[in-house]
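Protein chains in written order, with full-length UniProt numbering: chain A, 1 to 698; chain B, 1 to 698.
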């Protein structure tokens, strides 16, 4: 930084930083039910970031090489999204008008100031709120930048060179997902990532000392982070700017800046837990205004001095954009092919995957986790948009393509002999399922479609990751989760690993596709759905054990959610088969016919959400429930199948540790026992006709 | 430790420790599909623990003051439950016969050697498998011991003085839940807890260095742990014993023992990732046997030398039991009243709570989170069996009783002025929802009913905690979760905090009660159900906002899951109301009648699982679905309601950040709009009769 800039910062620091965040006391006061005293304490950090350090363009909010800012402590009730909203307004984001700013926590349906930052709005990179997620998102954003830089930058042409800034509170550093991500960021030596700790030492319950007395700086150092302390985080803008600038120059570590702040700065409850749950009082606001030289009777005023202070930022931002576009223009001349690929990535264009999906598969029985590899690995190999990772289950999830290179700091190679660098696209996340999925959200959020992350683990462990999977669905990010070892067929690991009830969560989760394919052909359909869903995450849920290749399965059918696998004009019953147990339905239909002369039709039903989107006529023609009862066979809790079936062979207890086939037998899920159960149901509804209109567990 | 014992250990260490774990290579080999080479590398640790250090009684496995051992790395596929099973067999647990040991991963339905340790079996303190949970369980077990000791011990009478030992692998130290629990254990200065790190530096994917290069010892020190290194963990039994004995004497910190081991010790793939996913080969087993002086052609043999080595342990254990029972006998004479309370706690007797539940409530509108406080706080105050905690939401969850004392290390008082000691029963968990619930499982598992843990947080954050809630259900532990801020009525925090789909998970989760009470009276019913469920966890799901007190709500009705709130002989429709929206159903019924002359009956439906357990006749009489359609009103994903209703006013998208009443209005959940929607449905099923037999979202 030039001495001139430093001098200017000194002058700015002479003004209390809070002066540059006018109106926020009013906003907090006006909304009596909540309370964002944290925002006041963080004002100096905001000035340092938005005025001096961050590279962004308010009038061009999605400019590709912008710095990314994540407010991990974005929750309104505990923390301080108003902090970000106020700076978006002051720095000139067009949609964030003063009128919008005043709508904070109002009843406006079109408010841009919801109770936490939301990705839909200008200047917001990721939706935050559930604590700790933002750290992991920021790690993903920084990895995306490292990766794209390693892929596309050439000497003299750093076309991807942005920095990621993440603001956290005490809570983010207590949450497991944050701790997982911190450990991994240190491992990856992400020197383009800075975490700024708003260390006000106050949580809802009181002093942080009540629950956390660890030495956070030493902990971060042990995790491979560079640590900087700022003692006066409320006023020392110059010190903060210096620390942030140094962080940008960090040679090989992410930086953790521990900034001491005071919650509720300037109010009577400053520095206490009361400030955590309180709004400023009238007298507090008036006193603060007097101290800063404002008229205490003028409300919601941003003075000309403040407007001037931030006035040049849109123009500066346009300069950044012009410079970068100029660079990319020269890059196109120097490296035309590379630039073409770069443009394709920036546009989110995935063209090419359709042709790479196999048209047919080997006829031998194949675990659908292996079928997933047959489908996805050629695509991951062929299209560099995909970054595939696993939570330490590479040998189990079958997602390695020939010649894959790991995403790693290039020096790691020497220490454990792996083939990796930042250009690599296979990510070893460690046994950190939750961070894996939250980091993937960051990878996907960097720029729509520039990176499509694929995660993988056992299905049961997606319960560990569920809060992050949910955030991906909420943010409408295309992240594909390959969840193997579904159903009880996964066997010996037993009840802790048999996901009896987990499908119920994911089938209910908005904007997520949960798909259980029944063989290789259906697995092709599941991945086709996932790859086509540009604004949805998908869970492709596959088996550990080999599944037979069934006649007449159809990838096109999968895209409709459910379809008739075996029609039967004489049918008295529909059997619904799902995923790893689709073959069971086929087997039961055959057995019913051959042994008991009962005719059944079979419907394959891999995805409820895709089926729900079909026209009513298609749904009725597929299920034919007005003509005959439908029985679903799935060794999961049946919750939700009541919409599509009249009865279920299901599992309502936890599972049992047994080899897969024995586990099926234990739960009466072998074809013989299932056949008996279905016959029993047919007798049952004959003897009690009311049952025909109720849902029956058989 | 006496010099004599040390000498004996020296002699034992002369034998390779692996010799004392005979047959395990065979077991691993016999079960080709899995692979527990980790167990071999940990054998010396096992000898140190079971032969020398741990206080336990094989023939009296639930003796109250026993040391607790938790195999956090208990997963069969990655780690090593066979380790624990082998030692349970060798040390003389009666049910763990050699025949049972050989059944590991077999098809026996009654096997005691499932793919992970299960709490149902002798010598197993908690069910483990999902990684990281065991650390948190161990923290809970250690807290239970600290708490009971502080409550009941008197000078000369340490009636509760056991130690907790927890074995972890690389993965447990990467998982967020483990990291949260580690931080809290350091804060609480649990010197009765020792974590033994089986540091073999190998995971599924390869070297741990691929994903984790942090300095674990420094990290643990920063978290307030005492750290000890053992360089030769495969053979240095004396060194391990010394470290474990020192850990028992730790003055004020938990101890972390970093033990370097070699995975697949003695095999050709020792120390490599191949060993992680492999079984020993025939030649490996033969070579190992030769090296240890065994006959390579004799299979599944435990020699007399080994039997002798462990022979005295049952008798030693009975000595521990006799000594302790003698101590308790003298304690009963010295402190008769205290001893009586102690006996009551040990028996799990909760007698007394029924009388403390209020018979009636104030008539004013009350948030059900506050109603929960009215119900539970007098019980928590009156019965010391309850330990109530929160993940940093004390002001929001209303679970503080007058005069509550915090569970804290007594010295903490000086540093932040809190009223706490180990005898306290209010636990500040910090913002660590997942660890809160996993630690609570440990508190509950210490001895059935001795401690009944209550957790509290916003309902949405129970998604963070879901893997631990699940483990509590799987272990049949009585843990009560008070989940506040349910439904969209919680308001401004918006979609990240509005739990649209979360109820679907918990309604499907086996052995868990998810209950949404509709007013104070129903809240009394919800807690009555939770307190009565001695082998089930419960989620009491309550509102942030005030709910009116409704006429004819019934706590007894809640215990049946659903009940008729308003019967109506002229009804053409049943309205099902749930929890915070029960009043909406009542309002719609009234509006339908007054404005549209449509008669409806109202059913209150707080808990699906309790209702499912009712006789068929009761269920039919309550819902009367064969006579008229039923419409459920709940602003959640409807999945699962299809079993009880024909239509739903529901929410299938994520929520929206608005004040509570505005959020209801935004989603058409105000009484006027709901009435219109219900009328629309009645018209719809008239015009399309097929719809009457389908589930309709209105």
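Just so it is clear, CB atoms sit at the ideal spot from N, CA and C, and this is done for glycine as well.
Cβ-Cβ distance between residue i and residue j below 8 Å
i	j	result
residue 143(B)	residue 69(B)	no
residue 502(A)	residue 459(A)	yes
residue 636(B)	residue 623(B)	no
residue 573(B)	residue 628(B)	yes
residue 321(A)	residue 162(A)	no
residue 658(A)	residue 120(B)	no
residue 258(A)	residue 230(A)	yes
residue 578(A)	residue 605(A)	yes
residue 703(B)	residue 215(A)	It is not possible to answer for residue 703(B), since the shown part of chain B is limited to 1 through 698.
residue 391(B)	residue 133(B)	no
residue 542(A)	residue 522(A)	no
residue 394(A)	residue 205(B)	yes
residue 514(B)	residue 147(B)	no
residue 85(A)	residue 96(A)	yes
Integer-rounded CB distance, given that residue j should sit under 8 Å from residue i
i	j	result
residue 639(B)	residue 599(B)	Rounded, the Cβ-Cβ distance is 29 Å, inconsistent with contact.
residue 550(A)	residue 525(A)	Residue 550(A) to residue 525(A), Cβ: 13 Å. No contact.
residue 234(B)	residue 261(B)	6 Å
residue 678(B)	residue 667(B)	Residue 678(B) to residue 667(B), Cβ: 15 Å. No contact.
residue 529(B)	residue 558(B)	6 Å
Bridge-paired residues (DSSP) for residue i
i	result
residue 420(A)	406(A)
residue 166(B)	70(B) and 195(B)
residue 227(B)	256(B)
residue 431(B)	Bridge partners of residue 431(B): none, in fact.
residue 647(B)	631(B) and 696(B)
residue 387(A)	453(A)
residue 482(B)	456(B) and 540(B)
residue 577(A)	604(A) and 633(A)
Residue i classed as buried or exposed, judged by whether at least 16 other C-beta atoms fall within 10 angstroms
i	result
residue 646(A)	buried
residue 388(B)	buried
residue 312(B)	exposed
residue 301(B)	exposed
residue 34(A)	Because residue 34(A) carries a pLDDT of 35, less than 50, the predicted location of this residue cannot be relied on, and no value is offered for it.
residue 19(A)	Model confidence at residue 19(A) stands at a pLDDT of 49, short of 50, so the residue's coordinates are unreliable and nothing is read from them.
residue 596(B)	exposed
residue 125(B)	buried
residue 485(B)	buried
residue 249(B)	exposed
Top-ranked residue by Cα proximity to residue i, from the options
i	options	result
residue 630(A)	602(A), 522(A) and 612(A)	602(A)
residue 154(B)	331(B), 427(B), 533(B) and 485(B)	331(B)
residue 181(B)	186(A), 178(A) and 174(A)	174(A)
residue 324(B)	692(B), 57(B) and 41(B)	57(B)
residue 555(B)	114(B), 626(B), 358(B) and 420(B)	358(B)
residue 135(B)	354(B), 73(B), 531(B) and 96(B)	73(B)
residue 265(A)	634(A), 100(A), 248(A) and 285(A)	285(A)
residue 149(B)	51(B), 166(B) and 339(B)	339(B)
residue 232(B)	43(B), 97(B) and 425(B)	43(B)
residue 200(B)	481(B), 365(B), 54(B) and 263(B)	263(B)
residue 140(B)	685(B), 561(B), 446(B) and 589(B)	446(B)
beta-carbon residue i near the ligand NAD non-hydrogen atom, thresh 7 Å
i	result
residue 284(A)	This structure lacks the ligand NAD, and indeed carries no ligand of any kind.
Proximal residues of chain E, C-beta to C-beta of residue i below 7 Å
i	result
residue 466(A)	Judged by its chain identifiers, the structure shown contains no chain E, and its protein chains are A and B.
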